[in-house]
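Remarks on the structure that follows.
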Amino acid sequence: MCGIVGYIGEQEAYPILLEGLKKLEYRGYDSAGVALLSREGLKIIKAKGEIAALEKKVGQRFPDGNTGIGHTRWATHGVPSDSNAHPHCACTEDFTVVHNGIIENYLALRLWLEEKGHHFSSETDTEVLAHLVEHYYNGDLLKTVQEAMKSVEGSFAMVAMCQSETDKLVCARKDSPLIIGVGEGENFIASDVPAIISHTRKIYILEDGEFAVVTSSSVDIFTAEDTLIKKEIREITWDAVAAEKAGYQHFMLKEIMEQPQALRETMRGRLLNGGREINLAELYLTSEEMNDISKIYIVACGTAYHAGLVGKYVMEKILRLPVDVDLASEFRYRDPLLDEKTMVIVISQSGETADTLAALRLARSRGNKVLAITNVVGSSVAREADRAFFTWAGPEIAVASTKAFLTQLLSLYLLTLYLAKARGALDEDSFECAGKALFDLPAKVEAILSREQEIEEIAGYVSKWGSTFFVGRNLDFAVAMEGALKLKEISYIHAEAYASGELKHGTLALIVEGIPVIALLTQKAVLEKSMSNIKEVKARSGYVICFAQEGAEGLQNEVDHIFYLPATEDFLTPILSVVPLQLLAYYTAVARCCSVDKPRNLAKSVTVE
Ligand code: M6R
């Protein structure tokens, strides 16, 4: 996820681009850059780091020019650096582009362009766009971009600028957001509303497969086949602060709502053909390496640790391999049992958590290869691990981790199925069935999110209590731990997670009339056992809020409140069942007027021991 801004009009472009980039910094801040068409020709300035670094580099005398494009980067292909920063040029400076998204076939395109004599100066996937435009250029920038994009696979929002057609910017979109702001004698392009809301509230939203030619006085939108599209201008009614959160009250809710898209990004290019195929060649694991694994060790902290717990259940069940999961802060001081056939996996959204990094270093110092599941390219964990598997969730701003968790789970499922295929742990039918069920999950998450009001009502009840319990067996226990953590960290309500069968060994003494007990009952194999535990709670007048799969009908008579989740394979339920728990924590915190995005005493990235 990166941020794009474009301006064409009568004003100096640089201050407008810079202000827009600052508003988009939430989309990434690994590097930033601008390109301006000035009277003396093209000027490009780029700097590694936050927008402030670009501002410092430019200094007091900013470059002139009434047309320009800008970009703030969240690194995907290529480490954060000046040379990988956007805008990117082709062989000459005639063509400049900024891009948000991932060009999946960039390597093939790059080799093809190199054969044709193009020289590349960055490690990015984006640079191929600039060279493609240069390659196809026929005197008409729009038609050239339409032609160039035919060969591009993946997701993109891009803007192209050309020195021989200085009166226009051309942009295109597929699977990454792009809007065009309409002004008086000036127009704007941006990834998101906050970048332009101080200039205009009138916007066009570009849809997938659409291209636009933007001049200072016109906006024309076309299909890939060059048919003119008539679109309505939309009026933005949010205030500037709400706009940064896409109209949501908090980043956490925005990020919860982004989860279907985040899952699709994690799957992109990996889960293919409707789920029938999995390709993780990016891990460069040989079949010998995969078959040699005799044990898996997963290490992480907080929410990422809970993802690891789910991973343990799933990997042990499918791969029939022993899996240990450890908190990084424990692992690093424990003298863990690792041999040369142990695969170590560390999970970290930020890639900067001090304990996780120390655990990674410990494992490597013992001679083990470490695979990192992380969200941040260029992070310490990504750089120091032997292999990195990126979750592509986009920047997560709220301290409470939500979309990172779902994409970590999905990454573990993908890895499990990939290893299962290599090790012959699943027959063809079971593999296909699992892959297809995975593929259907984003739509099911969408269906759950559309029922947020039901959860808000439950939160009204929970918010009045000072203590709660989360219970479940097997996979449901792992999700119960994550649900309890979410509630604790943002609503400050005491929340404890228990394996359902453990209640009777002591905790049942804490059950008093009305106390909320959140029960997860998604696992068919232990449904009846879990039900007996629920009855123990009900017999002590606890208030049971239950989450179960559709099809487990009849439970409503046994509990106080039931929320049925869309049905899926039992081993995949965590991706669905955690979503209402995230919403429950969110709405409970809102009801208690807590600081949702920045809870007390916490930090997004814990870089100290
Ligand atoms: O960036 P990481 O995934 O390494 O962070 C690990 C934990 O600090 C993090 O998951 C924390 O528990 C979250 N605030 C939970 O919502």
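Residue numbers (numbering that gives the first Met the number 0): 0 to 608. Just so it is clear, CB atoms sit at the ideal spot from N, CA and C, and this is done for glycine as well.
Outcome for D29 when other beta-carbon atoms lying within 10 angstroms are tallied against a minimum of 16 = Within the sequence shown, the letter at position 30 stands for residue 29. Burial call: buried.
Is I346 helix, strand or coil by DSSP?
-> Along the sequence shown, one-based indexing puts residue 346 at 347. I346: strand per DSSP, three-state reduction.
Sequence-distant residues of its chain with Cβ nearer than 6 Å to T401 (five each side left out) | Start at 1 with the first residue of the sequence shown, and residue 401 comes out as number 402. Around T401: E254, I255 and Q581.
Is it a yes or a no for the segment 103-120 touching the segment 164-179, going by three-plus beta-carbon pairs under 8 Å?
-> no
For the segment 61-134, list the beta strand (DSSP E) runs that are entirely contained and at least 3 residues long, ordered along the chain.
-> 66-72 and 94-102
Leaving out the 5 sequence neighbours to the left and right, which residues in its chain are closer than 6 Å to L106 when beta-carbon positions are compared?
-> Here residue 106 refers to the residue found at position 107 when the sequence shown is read from its first residue. Correct list: empty, nothing qualifies.
Near E243, which residues of its chain fall below 7 Å by C-beta distance, leaving aside the five closest residues on each side in sequence?
-> As a first step, residue 243 must be located in the sequence shown, where it is residue number 244. If we look at E243 and ignore the five residues flanking it on each side, its Cβ neighbours are K22, Y25 and P193.
Leaving out five residues on either side along the sequence, give the residues of the same chain with a beta carbon under 7 Å from the beta carbon of H609.
-> Since the displayed the chain opens at 0 and closes at 608, residue 609 lies outside it and no answer follows.
Check the C-beta distance from V511 over to V536 and give it rounded, since I have them as a contact under 8 Å.
-> Translated into positions along the sequence shown, residue 511 becomes position 512. Translated into positions along the sequence shown, residue 536 becomes position 537. With a Cβ gap of about 11 Å, V511 and V536 do not count as contacting.
Per DSSP, what kind of secondary structure is Y491 in: helix, strand or coil?
-> The sequence position of residue 491 within the sequence shown is 492, counting from 1. Three-state result, Y491: coil.
Among the residues of its own chain, which have a CB less than 7 Å from the CB of V692, if the five just before and after it don't count?
-> Residue 692 is absent from the model: the chain starts at 0 and stops at 608.
Cβ-Cβ distance between G393 and N186 below 8 Å | Sequence index remark: in the sequence shown, residue 393 carries index 394 (1-based). Sequence index remark: in the sequence shown, residue 186 carries index 187 (1-based). Contact flag unset, no.
Where in the segment 216-257 do unbroken runs of the alpha helix (DSSP H), each at least 4 residues long, occur, reported from the N-terminal end onward?
-> 239-243 and 250-256
Taking the beta strand (DSSP E) that Q548 falls in, what are its first and last residues?
-> Translated into the one-based positions of the sequence shown, residue 548 becomes position 549. Segment Y542 to Q548, the beta strand (DSSP E) holding Q548.
Per DSSP, K45 forms a beta bridge with which residues?
-> Translated into the one-based positions of the sequence shown, residue 45 becomes position 46. DSSP output for K45 lists G32 as bridge partner(s).
Hey, quick one: how far does the alpha helix (DSSP H) through D385 stretch, first residue to last?
-> One-based indexing of the sequence shown puts residue 385 at position 386. Taken as a continuous stretch (DSSP letters only), D385 belongs to no alpha helix (DSSP H), as it is neither H nor E.
For V375 and A384, believed in contact at Cβ under 8 Å, the rounded distance | As a working mapping, residue 384 is identified with position 385 in the sequence shown. As a working mapping, residue 375 is identified with position 376 in the sequence shown. That belief does not hold up - the Cβ atoms of A384 and V375 are roughly 12 Å apart, past 8 Å.
Closer than 7 Å by C-beta to K503: which residues in its own chain qualify, once you throw out the five before and the five after it? Chain order, please.
-> Working through the sequence shown from its first residue, we reach residue 503 at position 504. Hits under 7 Å: E535.
What three-state label does DSSP hand C170 in the structure shown?
-> In the sequence shown, residue 170 corresponds to position 171, counting from 1. Correct three-state label for C170: strand.
For the segment 393-452, which segments carrying the alpha helix (DSSP H) assignment without a break, of at least 4 residues, lie completely within its bounds, in sequence order?
-> 402-422, 427-438 and 440-448
Please classify C592: is it buried, with 16 or more other beta-carbons within 10 angstroms of its beta-carbon, or exposed?
-> For the purposes of this step, residue 592 is identified with residue 593 of the sequence shown, where counting begins at 1. Classification for C592: exposed.
T95 and I68 look like a contact to me (Cβ under 8 Å); what is the Cβ gap, rounded to whole Å?
-> The sequence position of residue 95 within the sequence shown is 96, counting from 1. The sequence position of residue 68 within the sequence shown is 69, counting from 1. Indeed, because the Cβ distance is near 7 Å, the residues count as touching under 8 Å.
Local Cβ density within 10 Å of P441, reported as buried at 16 or more and exposed below that = To locate residue 441, count along the sequence shown from 1; it is residue 442. When all chains shown are included, P441 counts as buried.
Note the first and the last residue of the continuous alpha helix (DSSP H) segment covering N532.
-> Residue mapping note: residue 532 aligns to position 533 of the sequence shown, counting from 1. Per DSSP, N532 belongs to the alpha helix (DSSP H) from L526 to A538.
Would you list the residues sitting across from K142 in a DSSP beta bridge?
-> Translated into positions along the sequence shown, residue 142 becomes position 143. K142 pairs with nothing; no bridge assigned.
Does the Cβ of E367 have 16 or more other Cβ atoms within 10 Å, making it buried, or fewer, making it exposed?
-> Position 368 of the sequence shown, counting from 1, holds the residue named residue 367. In the sequence under discussion, the amino acid at residue 367 is Asn, which differs from the Glu named in the question. Answer is buried; the Cβ neighbour count reaches 16.
Is there at least one non-hydrogen atom of the ligand M6R closer than 7 Å to the beta-carbon of G471?
-> Within the sequence shown, the letter at position 472 stands for residue 471. No, since every heavy atom of the ligand M6R falls outside the 7 Å radius drawn around the Cβ of G471.
Residue range of the beta strand (DSSP E) that V605 falls in?
-> The residue given as residue 605 occupies position 606 in the sequence shown. Where V605 is concerned, there is no enclosing beta strand (DSSP E), given that its DSSP letter is neither H nor E.
Please find out if some non-hydrogen atom of the ligand M6R comes closer than 7 Å to the beta-carbon of Q348.
-> The residue labelled residue 348 in the question sits at position 349 within the sequence shown. Answer for Q348: yes, Cβ within range of the ligand M6R.
From the beta carbon of G153, is the nearest beta carbon of chain D less than 8 Å away?
-> Within the model displayed, chain D is absent; a lone protein chain is all it includes.
In the DSSP assignment, find the alpha helix (DSSP H) that holds F330 and state where it starts and stops.
-> Taking the first residue of the sequence shown as position 1, residue 330 is located at position 331. Where F330 is concerned, the enclosing alpha helix (DSSP H) stretches over A327 to F330.
Secondary structure of T572, DSSP reduced to three states | Taking the sequence shown and counting its residues from 1, one reaches residue 572 at position 573. If DSSP states are grouped into helix, strand and coil, T572 belongs with the helices.
Buried or exposed for L575, please, with buried defined as at least 16 other CB atoms from any protein chain shown within 10 angstroms of its CB.
-> The residue you call residue 575 lines up with position 576 of the sequence shown. By the 10 Å Cβ count, L575 comes out buried.
Specify, as a first and last residue, the run of the beta strand (DSSP E) that I317 falls within.
-> Position 318 of the sequence shown, counted from the first residue, corresponds to residue 317. No beta strand (DSSP E) holds I317; the alpha helix (DSSP H) holding it covers G301 to L318.
Contact belief for I489 with V595 at Cβ below 8 Å, rounded distance in angstroms = Against the sequence shown, residue 489 aligns to sequence position 490. Against the sequence shown, residue 595 aligns to sequence position 596. 6 Å between Cβ atoms; contact.
C-alpha distance - F546 paired with I561, whole-angstrom precision | Walking along the sequence shown from the start, residue 546 turns up at place 547. Walking along the sequence shown from the start, residue 561 turns up at place 562. Their backbone Cα atoms lie some 6 Å apart in a straight line.
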